[in-house]
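For reference, the structure is listed below as structure tokens.
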Amino acid sequence: MNAPLPATSQFADVSPGTLQQFTTLLLERLAASELPELGGMIRLHGRWTDPGRASGKSYYGAKIVDDGGSQAKVEILASLVASRGVLPGHLVIATGRLAVRSTNYGLEVRLVATDIELGDQEQAAKTEVAQQGRMTIERLRSIPMRRVPFPDRDSVSVTLIHSNSAAAQVTQDCMAELSKLGDSVGVFPVKVNMLDPVAIATAIRDANSDDIVMIIRGGGDAADFEVFDDPRVVTALSSQQAHRVVGLGHTGNATLLDLFCDFSANTPAQAGAYVRERVQQRQRLLGDAGKDLRLAKERMEALEKERNTAQAQLQTASELLAKAKGGVPAWAVAVAFAVGATLAYLIRG
């Protein structure tokens, strides 16, 4: 006969979905604690064989295999693959982070890639999308260069286009400057893959701010900034009707966007400081103008008081003059006039 369970025993009632989420959390913690070298960014080398079917904007079941036949699943934006000219059979290097999930079909390990590049001996396919990413002198000359003034408003709205990486400290540095404006600024963050020209160009075109569009990213390899020379990105920014601010990398990083924006900052933090300083400058000017207006009003009130006093003095003199004609001695009129003038001077002082 089995002994009864202790009264203190407790059971956790869960659904299959909850159990999968719990398993996923345990695996992620295990990877972070026991496999720290896999908890950061990974560069996966192999042959791009089967992108699978795109779901929305991304490939979720793409495969990269090695010479031994081992394969790894990759999740990556379809537009990023197309812009790099990657086709099945190409040797590639995919960069991203490890993701472990528990699904209805068991455990699944995949690489969530933020970039993909061809191997040294590979040539990019001459697809329509890849060709669009080549800048020529003719295309550069065809893009209009113009300037949009800083918005003359008491408060401004900013569409902040930045990296979708959770570790992007530069976003916090920029926001630290903008937050000093308090209610005078409204910020609408837009996260994108800063290596995908299609995603960046789309974010610029879809910016919902009528005042300022700001693009920021931190430092990195020189190749990481080629995306900001892409004609699709440059054209999108040149067509924006809002005031355009860019803060890309550090002082030594230069891109074509620096030529087509309204203000180019050396760093993301400086981009935020630029907006803050311009808004605060307008607030100071409005404060000085209000002070001058108050002083002018006080001066007008003083002048009006002097006018009323002078009118009263003139009225008194006129009355005395009329009485003088009726027999009042002239010396009395002169004394009364002098007294009135003295009183007017004292009141005005």
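Using the working numbering, read the sequence shown as starting at 252 and increasing by one per residue. By construction, the Cβ of each residue, glycine as well, lies at the ideal position given by its N, Cα and C atoms.
Over what stretch of residues does the beta strand (DSSP E) that includes L358 continue unbroken?
-> 357-369
Which class does S266 belong to by DSSP, given the choice of helix, strand or coil?
-> coil
Is there contact between the stretch 393-402 and the stretch 507-519, where contact requires at least three CB pairs shorter than 8 Å?
-> yes
Return helix, strand or coil for S321, following the three-state DSSP convention.
-> coil
Looking at A522 and G498, is the spacing between their C-beta atoms short of 8 Å?
-> yes
Taking L295 as the reference, which of R533, T346, A454 has the closest Cα?
-> T346
Which value, in whole angstroms, describes the spacing of the CA atoms of G503 and D403?
-> 31 Å
Using the beta-carbon count (16 or more within 10 Å), is R535 buried or exposed?
-> exposed
List the endpoints of the continuous alpha helix (DSSP H) containing I451.
-> 448-456
Can you tell me where the beta strand (DSSP E) with L411 in it begins and where it stops?
-> 407-414
Take A364 and list the residues in its own chain whose beta-carbon comes closer than 7 Å to its own, dropping the five residues that flank it on each side.
-> V325, E326, I327, A345, T346, G347
Specify, as a first and last residue, the run of the alpha helix (DSSP H) that S330 falls within.
-> 329-334
Cα-Cα, which of H501, M445, G437 is closest to I412?
-> M445
Cβ of V449 within 8 Å of Cβ of A458?
-> no
In terms of alpha-carbon separation, which member of A520, F476, G370, L342 lies closest to V496?
-> A520
Near T518, which residues of its chain fall below 7 Å by C-beta distance, leaving aside the five closest residues on each side in sequence?
-> G498, H501
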